Amino acid sequence: MRSLRAMGRETARIFKGGMWLGALALLVLACLALVACNGDEEDANTSSPAAETPAKEVEPTPEPEAVEIKRGCPACHALSEPDTGKYTLGYEAHERSEARGATHPDVSPDGVAIGPTDNPNVSVCLTCHAAATGDREGKGRVAPLSLRDILHPAHLYSTHFEGNCFSCHNVSGGGVWQLLSEPVEINEKGVPDPDQLPIPGLLNPSE
């Protein structure tokens, strides 16, 4: 039979080993609990809603101002500054010629005054700027440029007055584009006054 002393040593060894195992188990449990707590904190931080950014107040877009509809060259190209001639056809001719480094004549071949402060009708402009044929194809009859090559791009590329083809033109029953050389009495849609027909100052065919 084993001695009592040997049995005591064996019992002490088993007891001591059990304590270490218990301590190790407690340590593992503590680590697991710490990891679980950190995970819960991260989840809480992730799931918490971010502070809402106050919505920026957007001002309503103002409605564009209505542009008065006008038809006929003199409806727009009327004398507004007697000292300078703005914005008659004479003024426009001289101002644009100077921009190209040229000088525009002050009198037409027919003797009509076409200086910057004069107010000639577009029919006078066509004396020189009507489209030429033959050797002068693509030019004006006398002038370097035809009126159509000046006015169409100058007007259609302008976004300020919001005009269109019918600001300067009418179409005849035969489909011919006519030039409006005088102001046209119209309603808010640009339709001619039926009491003012036929439209005065129509130049046919249009140049």
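0 is the number of the first residue of the sequence shown in numbering that gives the first Met the number 0; add one for each residue after it.
Ideal placement from N, C-alpha and C gives every residue a C-beta, glycine not left out.
As the structure is a prediction and not an experimental result, all values here were calculated from the model.
**Request:** My understanding is that VAL123 touches VAL111, with C-beta atoms under 8 Å, so please give their C-beta distance in whole angstroms.
**Result:** 5 Å
**Asked** Of all the beta strand (DSSP E) runs that stay within the bounds of the segment 117 to 182, which reach a length of 3 or more residues?
**Response** 168 to 170 and 176 to 179
**Item:** Sequence-distant residues of its chain with Cβ nearer than 8 Å to SER79 (five each side left out)
**Value:** LYS85 and TYR86
**Message:** Taking DSSP's pairing of strands, which residues face PRO191 in a bridge?
**Reply:** ILE185
**Item:** Between the CA atoms of GLU91 and LEU147 - distance to the nearest angstrom
**Value:** The residue asked about is misnamed: residue 147 is Arg in this sequence, not Leu. C-alpha separation (whole angstroms): 15 Å.
**Item:** Sequence ranges, alpha helix (DSSP H) only - wholly within the segment 41 to 107, length at least 4
**Value:** 72 to 75 and 88 to 98
**Asked** What three-state label does DSSP hand LEU196 in the structure shown?
**Response** coil
**Request:** Use the C-beta contact count for ASP82: other C-beta atoms within 10 angstroms, 16 or more gives buried, fewer gives exposed.
**Result:** exposed
**Item:** With 16 other Cβ atoms within 10 Å as the buried cut-off, status of ASP192
**Value:** exposed
**Request:** Evaluate contact between the segment 154 to 163 and the segment 177 to 185, counting only Cβ atoms and requiring at least three cross-stretch pairs below 8 Å.
**Result:** no
**Message:** Excluding the 5 residues flanking LEU202 on each side, which residues of the same chain have their C-beta closer than 7 Å to its C-beta?
**Reply:** SER122, GLN177, LEU178 and SER180
**Prompt:** Distance, Cα to Cα, ASP109 vs CYS127?
**Reply:** 10 Å
**Asked** Relative to the alpha-carbon of LEU196, which residue among GLY189, GLU184, PRO204 and LYS188 has its alpha-carbon at the smallest distance?
**Response** GLU184
**DSSP-derived helix/strand/coil call for LEU201** = strand
**Asked** According to the neighbour-count rule (16 or more other Cβ atoms, all chains shown, within 10 Å of its Cβ), is PRO204 buried or exposed?
**Response** exposed
**Prompt:** I think ALA129 touches GLY137, with their Cβ atoms under 8 Å apart; what is that distance to the nearest whole Å?
**Reply:** That belief does not hold up - the Cβ atoms of ALA129 and GLY137 are roughly 13 Å apart, past 8 Å.
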